[in-house]
Amino acid sequence: MSLEPEATVGIDRVRFAWRHGQRDVLDIVHFAVAAGERVFIEGPSGSGKSSLLSLIGGVTSPREGSIRILGADLVRMPSRHRDRFRADHVGFVFQMFNLVPYLSMVDNVTLPCRFSRRRRERAGAQTGTPEAEARRLLARLGLDRDGLFERTVTDLSIGQQQRVAAARALIGAPELIVADEPTSALDEGARGRFLELLSTQCDEAGASLLLASHDPRLGDAFDRRVSLPELNRAESDPNRRAA
Amino acid sequence: MAIVRLAFLSVLNRRVTAGLTLLAIALSIAMLLGVEKVRRDARGSFASTISGTDLIVGARSGAIQLLLYSVFRIGNATNNISWQSYREIADFPRVRWTVPIALGDSHRGFRVMGTSEGYFEHYRYARTESLEFAVGGVFDDVFDAVLGAEVAERLGYALGDSLIVAHGTGDVSFIEHDDKPFRVAGILTPTGTPVDRTVHVSLQGYTAMHVDWAAGVPIPGVRISAEEARTMDLTPETITAFLVGLDSKIAIFGVQRRINEYREEPLLAIIPGVALQELWDLMSVAENVLRVVSSMVVVTGLLGMLTVILSSLEARRREMAVLRSVGARPLHVFALFMSEAGVLALLGAAAGVVLLYVALLVGQPIVTREFGLHLPLAMPAPADWWIIAAVVGAGFAAGSIPAFRAYRLSLADGLSMRI
Numbered sequence: 082m083s084l085e086p087e088a089t090v091g092i093d094r095v096r097f098a099w100r101h102g103q104r105d106v107l108d109i110v111h112f113a114v115a116a117g118e119r120v121f122i123e124g125p126s127g128s129g130k131s132s133l134l135s136l137i138g139g140v141t142s143p144r145e146g147s148i149r150i151l152g153a154d155l156v157r158m159p160s161r162h163r164d165r166f167r168a169d170h171v172g173f174v175f176q177m178f179n180l181v182p183y184l185s186m187v188d189n190v191t192l193p194c195r196f197s198r199r200r201r202e203r204a205g206a207q208t209g210t211p212e213a214e215a216r217r218l219l220a221r222l223g224l225d226r227d228g229l230f231e232r233t234v235t236d237l238s239i240g241q242q243q244r245v246a247a248a249r250a251l252i253g254a255p256e257l258i259v260a261d262e263p264t265s266a267l268d269e270g271a272r273g274r275f276l277e278l279l280s281t282q283c284d285e286a287g288a289s290l291l292l293a294s295h296d297p298r299l300g301d302a303f304d305r306r307v308s309l310p311e312l313n314r315a316e317s318d319p320n321r322r323a324a
Numbered sequence: 015m016a017i018v019r020l021a022f023l024s025v026l027n028r029r030v031t032a033g034l035t036l037l038a039i040a041l042s043i044a045m046l047l048g049v050e051k052v053r054r055d056a057r058g059s060f061a062s063t064i065s066g067t068d069l070i071v072g073a074r075s076g077a078i079q080l081l082l083y084s085v086f087r088i089g090n091a092t093n094n095i096s097w098q099s100y101r102e103i104a105d106f107p108r109v110r111w112t113v114p115i116a117l118g119d120s121h122r123g124f125r126v127m128g129t130s131e132g133y134f135e136h137y138r139y140a141r142t143e144s145l146e147f148a149v150g151g152v153f154d155d156v157f158d159a160v161l162g163a164e165v166a167e168r169l170g171y172a173l174g175d176s177l178i179v180a181h182g183t184g185d186v187s188f189i190e191h192d193d194k195p196f197r198v199a200g201i202l203t204p205t206g207t208p209v210d211r212t213v214h215v216s217l218q219g220y221t222a223m224h225v226d227w228a229a230g231v232p233i234p235g236v237r238i239s240a241e242e243a244r245t246m247d248l249t250p251e252t253i254t255a256f257l258v259g260l261d262s263k264i265a266i267f268g269v270q271r272r273i274n275e276y277r278e279e280p281l282l283a284i285i286p287g288v289a290l291q292e293l294w295d296l297m298s299v300a301e302n303v304l305r306v307v308s309s310m311v312v313v314t315g316l317l318g319m320l321t322v323i324l325s326s327l328e329a330r331r332r333e334m335a336v337l338r339s340v341g342a343r344p345l346h347v348f349a350l351f352m353s354e355a356g357v358l359a360l361l362g363a364a365a366g367v368v369l370l371y372v373a374l375l376v377g378q379p380i381v382t383r384e385f386g387l388h389l390p391l392a393m394p395a396p397a398d399w400w401i402i403a404a405v406v407g408a409g410f411a412a413g414s415i416p417a418f419r420a421y422r423l424s425l426a427d428g429l430s431m432r433i
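Chains as they are written, first to last, in my numbering: chain A, 82 to 324; chain B, 15 to 433.
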């Protein structure tokens, strides 16, 4: 037993293939993210970024090895518990189409609170109700201009949509924020602002941030950068190498 | 519950396709329930129209035809029967009472029936109910008329008003018995039977209208006024049919056979209940065809819904991944799609019921006028609730197909959409 605080993410000797019998796409000896740490994962598309983030989210299971989030072993958990665990402790931001088109901005942000009691309670503890917390977070992310809350989310610009997605990931203060290419649909200026906002909010909430991108320039603002092709011992896609 | 709310909002978001799907389901349910209602009400109103009458006797034709024109005022008699035969049969042993019926004239779309005072005494409907007067009473004078409730209401007649009978039963008549007006002597209470739509006159009055007629047209140059007619012998030569009551049910078959074998004139005696049963047997084929067709329409409606949901699936894979990322389990995704189908089927059923009642409200007077069938605006019958439940259940069942596909997709896709 270590006396150090439990790492937010701990991955050991993990092998992963999308289908049984197929070649491994991930083979990682060790990877960890400390509490509150901001880690940048760099790698071209096809290097296994999405696979790694799916594993950390507990949506998929490795062939072998252990994945511990906040000390809990995801691999040993039944999938039902993994879904609950993800809802409670992990917030996600994707590249695009992050929002549910038929929900309002505030409803999109409070969505995790509908699946996780822990996050509902934590969001409520911050500002009273999840809705109030959603408005607070949206305001912090610069989305409090007049009439914006009433707009359909599909009317928002992509930059605004990404910030709504960030607010959703942050609501109820999950310990880990996972972002998969969150800025690749944004232009240069918006990209920097978004990263700064996300980073600040993670700091404020004390959450660890794990951000994956193919763009190495994004890595400067992070505590640590990890190159996935170096970390991952599995052969990269043979088709890609041939190309 | 969160998922049902999501499903509702999702359906609301796709208003146009969801609305059209809903309309298809609503129309199909309205049709299915409408067919059932018409079927049930037709049976109910037919079955409760006549009771207490043991035999109906008319000229020899079909049992159903005789039943339809004598009791339901639908169609016409092909032939009359002689007064002499009527009198002889009235004197048959076991015959307790007889009521003559003369048909063939109308008043502003309502059939006029010549009959005796005994009609109001012996006629029974809804098993045991006898005819009651709202105002006035039976005919006192040759030119007295007793109106059914609907005739009085629709045409706005009150006691003492006079009315002129038209010759023939068409909606529009060119020949009227305008020289012999009738006076309203009584108005009956509503019965929900064809009696409501009948103008009853005395048999003498009926005969008086036709004293200066022969072979269906006025005799040229002969004009007999109402006052002159009063002084004449107004015993009719022929009548259309008559109702017979016996002193014992056991005698029915014996008397029926005797009338059917009557040598002086070809007659037909029918037992109302038996003729009604024949009518049902005849109608049941058409009823079943209607039922099958309307069930098919419901299936088509649900298939339409299935198509709409299935074809939206591909476009919604991203949405499923987002839901998964915020903690939804694949089972939640399954429930979401099931709920969408359920919401559509439920709203469709509700809209269908509303549609049916609107159609009834609009169509009721038309159906009553055109077909003599009264469709009461009642709460859905227990059988209707079963039909609605079955359709909604089938909607859910159909929803399980896209729901299962979505479940599989969301399991395979996880957080990223892989094609």
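A virtual CB, placed ideally from N, CA and C, is assigned to each residue, including glycine.
Would you identify the three-state DSSP class for residue 139 of chain B, choosing helix, strand or coil? Three-state DSSP puts residue 139 of chain B in a strand.
Which residue comes first and which comes last in the alpha helix (DSSP H) that contains residue 297 of chain B? That run of the alpha helix (DSSP H) goes 286–327.
Using the C-alpha atoms, what's the distance from residue 357 of chain B back to residue 16 of chain B? Distance from the CA of residue 16 of chain B to the CA of residue 357 of chain B, rounded to the nearest whole angstrom, comes to 14 Å.
Pick helix, strand or coil for residue 433 of chain B, following the three-state DSSP scheme. At residue 433 of chain B the pLDDT is 39, less than 50, meaning the model places this residue with poor confidence and gives no usable figure here.
If we define contact as Cβ-Cβ less than 9 Å, is residue 433 of chain B a contact residue for chain A? Below a pLDDT of 50, predicted positions are generally treated as unreliable, and residue 433 of chain B, at 39, falls in that range; the measurement from the model is reported next regardless. Answer no: the Cβ-Cβ gap between residue 433 of chain B and chain A never drops below 9 Å.
With distances taken Cα to Cα, identify the nearest neighbour of residue 413 of chain B among B/320, B/281, B/55. Considering only alpha carbons, the answer is B/320.
Quick one: which chain E residues come within Cβ less than 8 Å of residue 284 of chain A? Considering every chain present, this structure includes no chain E. Its protein chains are A and B.
Over what stretch of residues does the beta strand (DSSP E) that includes residue 193 of chain A continue unbroken? For residue 193 of chain A, no beta strand (DSSP E) run applies; the uninterrupted alpha helix (DSSP H) run containing it begins and ends at 186–196, by DSSP.
Sorted by chain position, which residues of the same chain lie with C-beta nearer than 8 Å to residue 254 of chain A's C-beta, five sequence neighbours on each side aside? Cβ neighbours of residue 254 of chain A beyond the five flanking positions: 200, 203, 204, 207, 286, 287, 288.
Where residue 365 of chain B falls: helix, strand or coil (DSSP): Shown here, residue 365 of chain B sits in a helix according to DSSP, grouped into three states.
Report the CB separation of residue 163 of chain A from residue 139 of chain A in whole angstroms; it is logged as a contact under 8 Å. Contact flag correct, Cβ pair sits at about 4 Å.
Contact set between residue 179 of chain A and chain B, taken where Cβ atoms lie within less than 8 Å: The answer, in chain order, is 336.
Looking at C-beta atoms only, is the number of pairs between the region 84–96 of chain B and the region 113–129 of chain B that lie closer than 8 Å three or more? Verdict: yes, contact present.
Are the region 66–73 of chain B and the region 265–273 of chain B in contact at 8 Å, needing three or more beta carbon pairs? With a cut-off of 8 Å on Cβ pairs, the region 66–73 of chain B is in contact with the region 265–273 of chain B, counting three or more such pairs.
Note down, in chain order, every chain B residue with its Cβ under 9 Å from the Cβ of residue 26 of chain A. Beyond the ends of chain A as shown, which are 82 and 324, falls residue 26 of chain A; an answer cannot be given.
So that I know if they touch, is there some Cβ in chain A lying closer than 9 Å to that of residue 355 of chain B? No, no contact with chain A.
Inside the region 221–255 of chain B only - alpha helix (DSSP H) runs reaching at least 4 residues: Segments of the alpha helix (DSSP H) lying fully in the region 221–255 of chain B: 240–245.
Any C-beta of chain B within less than 9 Å: which residues of the region 130–148 of chain A qualify? Cβ contacts with chain B come from 131, 132, 134, 135, 138, 140, 141.
Buried versus exposed call for residue 257 of chain A [16 or more other C-beta atoms within 10 Å across all chains shown]: Buried, because 16 or more other Cβ atoms sit within 10 Å of the Cβ of residue 257 of chain A.
Bridge partners - residue 72 of chain B, DSSP secondary structure assignment: According to DSSP, which records beta bridges pairwise, residue 72 of chain B is partnered with B/255, B/282.
Three or more C-beta pairs below 8 Å linking the region 282–293 of chain B and the region 56–66 of chain B: Proximity of the region 282–293 of chain B to the region 56–66 of chain B meets the contact definition, three or more beta-carbon pairs being nearer than 8 Å.
Contacts around residue 21 of chain B, its chain only, beta-carbon distance under 6 Å, and the 5 residues preceding and following it disregarded: The residues are 350, 353, 354, 357.
Start and end of the alpha helix (DSSP H) containing residue 415 of chain B? Run containing residue 415 of chain B: 396–427, per the alpha helix (DSSP H) assignment.
Is the region 233–245 of chain A close to the region 146–157 of chain A, with three or more CB pairs under 8 Å? No, because fewer than three Cβ pairs between the region 233–245 of chain A and the region 146–157 of chain A fall closer than 8 Å, the two stretches do not touch.
Could you run through the region 216–245 of chain A and flag, in chain order, every residue whose CB is less than 7 Å away from some CB of chain B? Taking 7 Å as the Cβ-Cβ cut-off against chain B, none of the residues of the region 216–245 of chain A qualify.
Using beta carbons (cut-off 9 Å, strictly below), is residue 289 of chain A in contact with chain B? Any Cβ of chain B closer than 9 Å to the Cβ of residue 289 of chain A would place that residue at the interface, and such an atom is absent.
Reduced DSSP category for residue 200 of chain B - H, G, I as helix; E, B as strand; rest coil: For residue 200 of chain B, the secondary structure class from DSSP, reduced to helix, strand or coil, is strand.
Taking 9 Å as the threshold (C-beta atoms), are residue 147 of chain B and residue 134 of chain B in contact? Going by C-beta atoms, residue 134 of chain B is nearer than 9 Å to residue 147 of chain B.
Can you give me the C-alpha to C-alpha distance between residue 83 of chain B and residue 38 of chain B, rounded to a whole angstrom? Approximately 40 Å between the Cα atoms of the pair.
Below-9 Å beta-carbon distance, residue 192 of chain A vs any chain B residue: Yes, contact with chain B.
Within-9 Å CB hit, residue 184 of chain A to chain B: Taking 9 Å as the CB threshold, residue 184 of chain A lines the interface with chain B.
Residue 294 of chain A lies in the beta strand (DSSP E); which residues open and close that run? That run of the beta strand (DSSP E) goes 289–294.
Taking C-beta pairs closer than 7 Å, name the residues in chain B that residue 168 of chain A reaches, listed in chain order. Correct list: 340, 341.
For residue 273 of chain B, the three-state DSSP class (helix, strand or coil): Three-state DSSP puts residue 273 of chain B in a helix.
Taking the alpha helix (DSSP H) that residue 164 of chain A falls in, what are its first and last residues? Annotation for residue 164 of chain A: the continuous alpha helix (DSSP H) segment containing it runs 160–170.
Residue 111 of chain B by DSSP, collapsed to three states: which one? In the structure shown, residue 111 of chain B sits in a strand (DSSP, three-state: E or B).
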